[in-house]
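Reading through the structure tokens given below for one structure.
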Amino acid sequence: MSREILLRAEHLYKTYKTGKKGREVHAVSDVSLEIHKGETLALVGESGCGKSTLGRTLIHMLPATAGSVIYKDMDIAAMSDKQFKPYRSKMQMIFQDPYASLDPRMTVRDIIAEPLETYKLCGSREKTTEAVLRLMEAVGIPGEFLNRYPHQFSGGQRQRIGIARAIALRPELIICDEPVSALDVSVQSQVLNLLKDIQKDYDLTYLFIGHDLSVVNFMADRVCVMFLGCICEVADKDELYAKPLHPYSEFLLDAIPIADPHRRNRKRKVISGEIPSPMDLPKGCCFCTRCPYATEECRSIRPELRDIGGRKVACHHPLEGENR
Amino acid sequence: MSSDILKNDIRPDDELSLQIGERDGIRDKLKRMCRQNPLAAVSAIVILIFILMAIFAPIIAPYGETEPDLLNRLQDPSLTHLLGTDELGRDLFSRMLYGSRLSITIGILPSLISLIIGVIAGLVAGYFGGWIDYVIMRIADVMLSVPSLLLAMVVMYTLGTSTINLFVALTMTGWSSVARVVRSHTLSIKESEYVEAARSIGVSKWKIMFRHIFPNCIPSLIVLFTLNVPSAILSESSLSFLGIGIKVPFASWGLIVNQGRQFLFTQPWLCLAPCVAIMIIVLAFNFLGDGLRDVLDPYMQR
């Protein structure tokens, strides 16, 4: 895989102001991240940790509060909507809920044709329909369903329609926002395989947001673990799954259910303590209130993301040697 | 993956062989409405007949609109005067025909104009929010807080009584309720994932409003419209009754009701005939609205 960087976030912040004066919710704080061309970078973490917010901020769907997002040597986070318009088609999204992400009053043809018509890519109506048919074939929806409405499809098929819409503009980057979490387990694998096939055919880079670690294990090349808006660890999938360095990654991986009954009575590491409020982040490490290894240093100084053997970890005491 | 598997994936209640590859055009939709909802089809025909009769009133009417015949005052219905004559001997049937021109126009046109204004105002207020929303909705609030009849009277008194001013008055009172309904729909729809998907594609704001949000408001708008038409017809009657609508000797259904009121016990048809006409057209609009709403709903498509 090439190491060419497609998108780079530098010290990205996204805060929301709440009703009470002066109070801010830190959805994403100080995130620096690189997405390599052609890879699948998975973003994992518990619900509410800012995964979706980060994904949307990266592709200019939400304005960043501070920091920059570098794409082709340009800071797209600083651009206005109008300036960003030419790059919009290069970054698309696949949504979580296939029942909510398709307009119930549009036919499949109109839904998939919408991106093509918005950028006037095909000229005539007939050519657009032809292109739509090709896209439907690519995602495995039979062409005869061209004039059907979304409610006439199953969840898996709707997600396929959503995928067809996302690839219609030939984007470089697709943010997959938990694309299979609303689907039956039996359909999940079909959609995941489709995503993989399409990635090869269309030269795509995925930012795959998920909380199901077995799905992430199947899809990802690299994994980025998030907690409370901060990045804990970024590493190659195999290395992370084999040997997590950040204590939170360890807890997360330990929570994967094991399909082997004989191994079930092993001691699980149970996470304790309270999640700090995102309105009132601890001065030190975000995870310090729940981390069994936390020291005074962790509680007072925010750990920087640093390189440890080719991986990036934000921890004062990564799980090596003495802590294991 | 073979397409056979995918076909099995489709829910069994879909009859897929029926409309493969063909767009459900307007003609198909109308056919479907006639089949599923004959009452709506009949209503459409009734409305059409009323409109045609209004257009060709001078040809159909046996007597003139304002032609008095003092020798034949207050006649019972007969072959020479189908619905009898009023207190000045004017033929009631002819007056009804001429009156329908104004009553039907007043029913439809101001409702349509207030619908258009209301939709645009509601979409803009709901989608952009902020001070735009604040200004538009406060204006709408003011319109809603004044009783509509009073507001219409004020308009008619200040601008003078004419048919155009009657339109203006009825439009001013009509648009605010439409705007409110559209705004509330817009607020909920603009947060939906399919609008977010459209934004992620780069669809412009106005296109999102009119291609995604507006079509999803249509069912409520049809209901509102079918309620607005009769209320506009009735407002016109009230205004005419108060002497600031249509002036005698010209006719509108509301005016005829008012003039016939005093003969309710001796010659009831003078009053009841226009009442029945109003009732029929109001019912027809309601039934047609129901039919249209079903036909435009993709979920009802089989």
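Order-wise, the sequence lines are chains A and B.
Residue numbers in the first sequence follow our numbering, run continuously in steps of one, and reach 324 at the last position.
Residue numbers in the second sequence follow our numbering, run continuously in steps of one, and reach 626 at the last position.
Beta carbons are placed, not taken as given, at the ideal position from N, Cα and C, and that holds for glycine.
Within 10 angstroms of the beta-carbon of residue 575(B) lie 16 or more other beta-carbons, which makes it buried. For the C-beta of residue 518(B), the chain A residues within less than 7 Å are, from N- to C-terminus, 100, 101, 102 and 103. Residue range 125–139 is occupied by the alpha helix (DSSP H) that includes residue 137(A), with no beta strand (DSSP E) assigned at that position. Of the residues 403(B), 591(B) and 526(B), the one whose Cα lies closest to the Cα of residue 89(A) is 526(B). Residue pairing for residue 210(A): DSSP places it in a beta bridge opposite 44(A).
Look at the beta carbons and you see the stretch 126–138 of chain A not touching the stretch 208–227 of chain A: under three pairs across the two are nearer than 8 Å.
Counting every other CB atom within 10 Å of its CB across the protein chains shown gives residue 262(A) a total below 16, marking it as exposed. For residue 36(A), there is no enclosing alpha helix (DSSP H); the residue is part of the beta strand (DSSP E) that begins and ends at 24–36.
Between the alpha carbons of residue 155(A) and residue 206(A) lies a gap of roughly 21 Å. Interface annotation, residue 311(A): not in contact with chain B, CB-CB separation never under 7 Å.
Contact annotation: residue 460(B) and residue 378(B) have beta-carbon atoms that are not nearer than 7 Å. Where residue 235(A) is concerned, the enclosing beta strand (DSSP E) starts and stops at 230–236. By the CB criterion at 7 Å, residue 231(A) and residue 31(A) fall inside the cutoff. Secondary structure at residue 68(A): strand, using DSSP grouped into helix, strand and coil. Between residue 247(A) and residue 209(A), the alpha-carbon positions lie close to 21 Å from each other. At a cut-off of 7 Å between beta carbons, residue 537(B) makes no contact with chain A. Linking residue 189(A) to residue 180(A) through their CA atoms gives a straight-line distance of about 9 Å. Under the 7 Å criterion on CB atoms, residue 623(B) is classed as interfacial with respect to chain A. With the criterion set as a beta carbon lying under 8 Å from some beta carbon of chain B, the members of the stretch 111–141 of chain A are 114, 115, 118, 119, 140 and 141, in sequence order. Any Cβ of chain A closer than 7 Å to the Cβ of residue 443(B) would place that residue at the interface, and such an atom is absent. Legend: CB atoms of the stretch 208–230 of chain A lying less than 9 Å from CB atoms of chain B are not found in any residue.
Around residue 526(B), the beta-carbon contacts reaching into chain A at under 7 Å are 85, 88, 89 and 118. Taken atom to atom, the span from the alpha-carbon of residue 488(B) to that of residue 559(B) is near 15 Å. Taking 7 Å as the cut-off between beta carbons, none of the residues of the stretch 421–436 of chain B comes near chain A. If the five residues before and after residue 485(B) are omitted, its C-beta is found closer than 6 Å to the C-beta atoms of 568, all from its own chain and listed in chain order. With a threshold of 16 other beta carbon atoms within 10 Å, residue 304(A) falls short and is exposed.
Judged by beta-carbon spacing, residue 564(B) lies within the 7 Å limit of residue 579(B), meaning their Cβ atoms are closer than that value. Distance from the Cα of residue 420(B) is smallest, within the candidate group 432(B), 387(B) and 436(B), for 387(B).
Distance from the Cα of residue 512(B) is smallest, within the candidate group 537(B), 500(B), 384(B) and 497(B), for 537(B). For residue 6(A), there is no enclosing alpha helix (DSSP H); the enclosing beta strand (DSSP E) has its first and last residue at 5–17.
Counting only runs of at least 4 residues, the stretch 512–559 of chain B fully encloses the following alpha helix (DSSP H) elements, listed from N- to C-terminal order: 517–525.
Two segments are said to touch when three or more pairs of C-beta atoms, one from each, lie closer than 8 Å; by this definition the stretch 159–170 of chain A touches the stretch 104–112 of chain A.
Nearest to residue 604(B) by alpha-carbon distance, out of 491(B), 373(B) and 506(B), is 373(B). Put simply, the CB of residue 151(A) is near chain B, with a gap under 7 Å to one of its CB atoms. Residue range 593–620 is occupied by the alpha helix (DSSP H) that includes residue 595(B). Between the stretch 490–503 of chain B and the stretch 468–479 of chain B there are three or more inter-stretch CB-CB distances shorter than 8 Å, so the stretches are counted as touching.
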